[in-house]
Amino acid sequence: MKRTILFFAAAVAAQPAAAGEPAPLPGCAEAIAYSEANSGVALLILEDGKVRCRSADIATPQELWSGTKSLVGLMAAAGAQDGLLTLDERASETLAEWRGDPKKEQITLRQLLSMTGGQASTVGRAQGYLDSVKAPLTAAPGSKFQYGPAPMQIFGEIMRRKLVAKGQDGNARHYVERRILTPLGVTIGSWRSGPDGAPLMPQGLVLAASEWAKIGEFVRGGGKLDGKPLVDELAFAELFKGSQANPAYGLTWWLPRSTPAVDIVTRSTDITSHANELPADMVVAAGAGDQRLYIIPSLRLTIVRQAKLDLAALAAGEKGDWSDWRFLSLLLKAASD
């Protein structure tokens, strides 16, 4: 069976194009309306780096929540280029306290980044780096996808120790800014710290839609800046490969893949159930409240969607009506080859 090919649906544009800008993308008005009907506060779509659809405000910094996690994967690729790490090295090479534990000493950095290291943690309740390192395992490394803040916090501690060992500033935020964000011209609104005062790796980054889009364009361009790799090319490519435990999650990036994972976070997006109807090369950074950064290299698109998070509803376990598939369908129309 041939894979479905997607093309743009015709629709009325949301706003007239500014002088020198391309006409709004077909489906723009409907996409903005759907986003705003579901607590959306910002929408920005770039095609070939040019604005093709935007809401009124794309300049106000918004909390990315778990959209922050995807930056950790990029940090790992930068660390690989700098000779700080390899994705398949054991975390216990850096975490001395894991040595001698028959299970913990086998955990790799890849497993931490793919949420398959065996740690279970409560979504939205990040402990400090060292407390996360001490967390017990609830599954054998590599056997189960368990989404939560602990693996990202552990990776933050690993980066801290590796940087300090090289005589560098051990603050992971400073490293990400120096290696990735500043070269890309990204301006941070803020970045929250955890209970230990260290920057949160699983959440906490605050960016405007216009700034998050710069990261999206960097990813769409293959991790290069001015034609040169800003991060390790092989490690970068590995970020977008799922694990056996959850093919829909790579190394901090969501993927449109069918998956046996049944955890509540994986089930919160319907890109998995529509995997055959979405571009195979689409990758997604996602956060609570349906914060989204969709990147589709084959269609030359970077799509940023930000929304207001209802913390009370989240705490009560209430799920909103947002559908990734329905939103994307307003911009993309499926047709048989």
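For the sequence shown, the residue numbers in mature numbering (1 follows the signal peptide of the UniProt record, and there is no 0) are -19 to -1, 1 to 318.
Where a beta carbon is used, it is the ideal one built from N, C-alpha and C, also for glycine.
All values reported here derive from a predicted model rather than from experimental measurement.
Taking 3 residues as the shortest admissible run, the segment 26 to 82 contains the following complete beta strand (DSSP E) segments, listed from N- to C-terminal end: 31 to 35. With distances taken between CA atoms, Pro164 lies nearest to Leu211 out of Asn227, Leu211, Lys300.
Measuring C-alpha to C-alpha distances from Leu27 to each of Val265, Gly197, Ser310 identifies Gly197 as the nearest.
Following the DSSP letters along the chain, one finds Ile277 inside the beta strand (DSSP E) bounded by residues 272 to 277. For Ser174, the pairing in a beta bridge is given by DSSP as Pro180. Rounded to whole angstroms, the Cβ separation of Val53 and Leu94 is 7 Å, and the two are in contact under 8 Å. For Gly268, no alpha helix (DSSP H) run applies; the uninterrupted beta strand (DSSP E) run containing it begins and ends at 264 to 268, by DSSP. Assigned with DSSP and collapsed to three states, Leu111 falls in helix.
Beta-bridge pairing by DSSP links Arg286 to Leu24, Arg273.
Under the three-state reduction of DSSP, Lys143 is assigned to helix. Excluding five sequence positions before and after Ala216, the CB atoms of its chain that fall closer than 7 Å to its own CB belong to Ala57, Ala58, Ala61, Leu68, given in chain order. Here Asn227 is buried, its C-beta having at least 16 other C-beta atoms within 10 Å. Approximately 16 Å separates the beta-carbon atoms of Ala266 and Leu259; this is outside 8 Å, ruling out the contact. The Cβ neighbour count for Glu78, taken over all protein chains shown within 10 Å, is under 16; the residue is labelled exposed. DSSP lists Trp235 as the bridge partner or partners of Tyr230. Only residues of its own chain outside the window of five on either side were considered, and among them Asn19 have a CB closer than 8 Å to the CB of Asp302, listed in chain order. Between the beta-carbon of Arg154 and that of Pro180 there is about 4 Å, and that keeps the pair under the 8 Å contact cut.
A contact is defined here as three or more CB-CB pairs under 8 Å, and the segment 95 to 110 meets this definition with respect to the segment 118 to 129. A Cβ-Cβ distance of about 4 Å is found for the pair Ser102 and Ala131, placing them in contact under the 8 Å criterion. For Gln225, the number of other beta carbons within 10 angstroms of its own is below 16, and it is reported as exposed.
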